[in-house]
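See structure below.
Residue numbers (this note's numbering): 1 to 373.
Here's what the structure looks like:
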């Protein structure tokens, strides 16, 4: 498990503890003032305040020792009685040390009083008469310390679980992305191979466009998300390849909302949608067809749509259960945006297939993958 960072910096931590003990001193001094006013109708301001401050600051001085003992002897459920006995002994010893410091300090600050006892006798008297108070204070500090420790362990567990979930999601996204690149590359290379037998010049132009496209998509870009404007530039490179392949048989129409261009979208989210439309809507038709690509921002959502005017999906294929490109796109949207995303494949009423995707509009991303060295 990853190490949980300290809740507070040491300087700030001890400043807060000091202020807490000072607050206790002022509270008890206030109680003494109220008692004096109710019983004698007059208040002695200085001595009660100094007495309470001496008491609080001596406790502050032994607090590190208490914390050290608590950390050294954590409470174990397997041996509760042993823990109670050990901490009770530690509380008695620490309170005795506390009294040995408090009584001399109080005599220096406030004075010994009208009929002082010998110093050792006074220390022993304080130990005997106020040991129960010291025990209560020790166990309060013990309880607070244990509560904070359990809280930190709980937060560490939450952090560890969140890190595991994030790493799992990144691994899944990386797997999907690595699956998508070879799929796209092999399909394009296959197209070039076919074209080489028919038109070498066209195949050469296609190779040039492919190299440009690979440089844009693979050269050092490790982000899962890019701006829609960049995604459209990548798509233009891909469409140039397909236009060489299909020539006049392929017509592309784009309707892009300028307000959506700054949105972040999954990298290569449009290419497999267009590839699917070309393969099933255009390639199978001798006269070719039209691909319509739309993107718009609406009510905090980015809507993407690719439509062809082909023969449409057969009823058995409308369950959208196969196909690397489309299933990959749907999975990536689900991993990145969960229920805030939507992906749909359906037949258009007037013919052809519509692939529609939507995701939240956002311009900053927190999902990155490590660059390969």
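Cβ coordinates follow ideal geometry from the N, Cα and C atoms, glycine included.
Outcome for residue i when other beta-carbon atoms lying within 10 angstroms are tallied against a minimum of 16
i           : result
residue 225 : buried
residue 280 : buried
residue 142 : buried
residue 358 : buried
residue 206 : buried
residue 62  : buried
residue 147 : exposed
residue 392 : Any question about residue 392 goes unanswered here, given that the chain covers just 1 to 373.
residue 300 : exposed
residue 388 : Absent from the model: residue 388. The displayed extent of the chain is 1 to 373, so no value can be given.
residue 293 : buried
residue 102 : buried
residue 330 : buried
Reference residue i, options the options, closest by Cα
i           : options               : result
residue 267 : 279, 86 and 233       : 233
residue 230 : 248, 243, 271 and 252 : 271
residue 273 : 287, 348, 258 and 353 : 353
residue 364 : 139, 193, 75 and 265  : 265
residue 289 : 304, 249, 127 and 254 : 249
residue 195 : 242, 237, 152 and 37  : 242
residue 122 : 99, 19 and 56         : 99
residue 65  : 93, 308 and 333       : 93
residue 203 : 153, 192, 326 and 150 : 192
residue 189 : 140, 144 and 245      : 245
residue 107 : 135, 119 and 14       : 119
residue 260 : 238, 333 and 297      : 297
residue 149 : 198, 103 and 67       : 67
residue 139 : 95, 256 and 333       : 95
Cut-off 7 Å between Cβ atoms - residues of its own chain near residue i, not counting five sequence neighbours on either side
i           : result
residue 240 : 209
residue 17  : 60 and 63
residue 316 : Summary for residue 316: the model assigns pLDDT 46, below 50, so the residue's position carries little reliability; its value from the coordinates is reported in the next sentence. No residues qualify anywhere along the chain.
residue 57  : 21
residue 339 : none
Contact set for residue i: own chain, Cβ-Cβ below 6 Å, skip 5 residues either direction
i           : result
residue 443 : With the chain represented from 1 up to 373, any question about residue 443 goes unanswered, as that position is not in the structure.
residue 443 : An answer regarding residue 443 cannot be provided, because it is not within the stretch 1 to 373 covered by the chain.
residue 43  : 33, 36 and 37
residue 254 : 293
residue 304 : 295 and 357
Distance between beta carbons of residue j and residue i, contact taken as under 8 Å
i           : j           : result
residue 235 : residue 263 : No, residue 235 and residue 263 are not in contact; Cβ-Cβ is about 15 Å, not under 8 Å.
residue 33  : residue 48  : 7 Å
residue 284 : residue 310 : 7 Å
residue 361 : residue 302 : 5 Å
residue 109 : residue 54  : 6 Å
residue 213 : residue 238 : 6 Å
residue 282 : residue 308 : 6 Å
Same chain, Cβ closer than 8 Å to residue i, five either side skipped, listed in chain order
i          : result
residue 73 : 83, 86, 87 and 90
residue 19 : none
### Task
Jot down the residue ranges of each uninterrupted alpha helix (DSSP H) in the segment 196-248, minimum 4 residues, whole runs only, in chain order.
The qualifying runs are 200-218 and 228-246.
### Message
Quick check on the DSSP output: what are the complete beta strand (DSSP E) runs of length 3 or more inside the segment 271-302, in order along the chain?
### Response
Listed in chain order, the beta strand (DSSP E) runs fully inside the segment 271-302 are 289-298, counting runs of at least 3 residues.
### Query
What are the start and end residues of each continuous alpha helix (DSSP H) run of 4 or more residues lying completely inside the segment 3-48, in chain order?
10-40, all fully within the segment 3-48.
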